[in-house]
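Structure record follows, encoded as structure tokens.
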Amino acid sequence: MAHSFFGSIEKAAAERLILWAFQEDLGERGDLTCQGMIDPALVATVKIVSRQPGILAGLPIAQMIYQQMDASIQWEAFAVDGDELMAGQVVAEVTGPVSTLLTGERTVLNFVTHLSGIATLTHQFVELAQGTKAKILDTRKTLPGYRSLAKYAVRCGGGHNHRMGLYDGILIKDNHLAAWKSSGSIAEAIEHVRAQMGANIDIEVEVDTLEQMVDAMRAKPQIILLDNMTTRELTEAVAYRDQHATEILLEASGGVNLTTVAAIAATGVDRISIGALTHSAPQLDLALDWGAALKK
142 MAHSFFGSIE KAAAERLILW AFQEDLGERG DLTCQGMIDP ALVATVKIVS RQPGILAGLP
202 IAQMIYQQMD ASIQWEAFAV DGDELMAGQV VAEVTGPVST LLTGERTVLN FVTHLSGIAT
262 LTHQFVELAQ GTKAKILDTR KTLPGYRSLA KYAVRCGGGH NHRMGLYDGI LIKDNHLAAW
322 KSSGSIAEAI EHVRAQMGAN IDIEVEVDTL EQMVDAMRAK PQIILLDNMT TRELTEAVAY
382 RDQHATEILL EASGGVNLTT VAAIAATGVD RISIGALTHS APQLDLALDW GAALKK
């Protein structure tokens, strides 16, 4: 189990998204169905249950949602983010006004099912890379506003975070090279960036061929991203790196899925970045199971 700390960054991101979620769902008039049907004095206890196996992520957000709606809500958690869940497992119990529980139900599930889906898919990739040194990393392919939470969910699944944004890491890609100069070596581009940004900054560069990798290695970037290479090419790249510059990390990306990741990890690369972790993870099926509603 990979338990990740839900800290101030994640809490702030959740607070922003919860506000937007309430605005989307409630507008200016609130929950019309509950207003028309549900006795405000009616109280119930509901259970949040996982309907399938997976990895939990986002449970603190569910508590935030309900307690922002009504401070009297009683919350009891039976699991923590990063836990491996079984089908039918109760992860939390919530007691409060039925109208509040109903109104917040979809918002709660939207967060928890989405983030748990990311954690679950990440865990599947991590399991398939077991026995190798390859770390499973995410990318910047996240829904706007969700980046901090999506990357938190990746950590809950046992994965690692690539850079959070453009502001905290340099990654020279083919489009940067094309816009910078029509000709010239990748090594020259790396040295140019160092001259502009300072010698102490870490640089990652993307290459498509072994020839480009050899060129890039002359400038000693910290990381070389091997884009859409075959496992044979990756193996050759690792062998060359091991012979000439063991300090450079090699990262595989492109064409990585649950079928291919084990073979990619077995080539000896240090890192595997996978956009699907955050842009294509299916939701984990969690639901609210209702007990008997009781009058106050």
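In the numbering used here, the protein residues as written are 142 to 437. Ideal placement from N, C-alpha and C gives every residue a C-beta, glycine not left out.
Helix, strand or coil at residue i according to DSSP, with G and I counted as helix
i	result
Gln-124	This structure leaves residue 124 out entirely; the chain is present only between 142 and 437.
Pro-194	coil
Leu-284	coil
Ser-421	coil
Ser-149	helix
Glu-388	coil
Lys-436	For Lys-436, the pLDDT reaches just 48, beneath the cut-off of 50, and the residue's location in the model is therefore unreliable, leaving the point undetermined.
Arg-170	coil
Ile-202	helix
His-144	coil
Ala-218	strand
Val-410	coil
Thr-376	helix
Val-235	strand
Val-402	helix
Ala-185	strand
Ala-291	helix
Ala-228	coil
Cβ-based neighbour list, residue i, same chain, cut-off 7 Å, excluding 5 preceding and 5 following
i	result
Lys-437	Because the pLDDT at Lys-437 is just 48, under 50, the model does not fix this residue reliably, and the value given afterwards should be weighed accordingly. Excluding residues within five positions, the ones whose Cβ falls inside 7 Å are Ala-182 and Val-184.
Lys-282	Gly-416, Thr-419 and His-420
Straight-line Cα distance separating residue j from residue i
i	j	result
Glu-329	Gly-195	46 Å
Ile-405	Ile-150	33 Å
Met-358	Ile-389	8 Å
Ser-213	Ala-417	39 Å
Val-235	Thr-186	6 Å
Leu-167	Thr-254	21 Å
Arg-247	Ala-319	46 Å
Thr-372	Ser-145	32 Å
Ala-154	Tyr-287	7 Å
Leu-307	Gly-177	48 Å
Met-370	Ile-206	44 Å
Phe-219	Ser-414	32 Å
Gln-424	Thr-401	22 Å
Gly-171	Val-231	29 Å
Gln-363	Ile-277	18 Å
Arg-304	Thr-263	17 Å
Lys-152	His-385	44 Å
Val-334	Glu-377	27 Å
Ala-336	Ile-342	10 Å
Gly-395	Ala-143	25 Å
First and last residue of the uninterrupted beta strand (DSSP E) at residue i
i	result
Gly-245	Run containing Gly-245: none in the beta strand (DSSP E); it sits in the alpha helix (DSSP H), 239 to 269.
Gln-353	That residue, Gln-353, is in no beta strand (DSSP E); its alpha helix (DSSP H) goes 351 to 358.
Glu-347	344 to 348
Ile-415	That residue, Ile-415, is in no beta strand (DSSP E); it is neither H nor E in DSSP.
Ala-428	427 to 431
Lys-274	Note, Lys-274: premise wrong, no beta strand (DSSP E); not H, not E.
Asp-368	364 to 368
Residue i - containing alpha helix (DSSP H), residue span
i	result
Leu-307	Neither: Leu-307 is in no alpha helix (DSSP H) and is coded neither H nor E.
Ile-214	Here Ile-214 belongs to no alpha helix (DSSP H), and DSSP marks it neither H nor E.
Leu-173	173 to 178
Asp-315	315 to 321
His-333	327 to 338
Close Cβ partners of residue i (< 6 Å) along its chain, the five nearest in sequence each way excluded
i	result
Gln-204	Trp-216
Inset, instruction - Please confirm if the stretch 319 to 338 is in contact with the stretch 288 to 295, defined as three or more CB-CB distances below 8 Å between the two stretches. - result: no
Inset, instruction - Evaluate contact between the stretch 378 to 393 and the stretch 258 to 267, counting only Cβ atoms and requiring at least three cross-stretch pairs below 8 Å. - result: no
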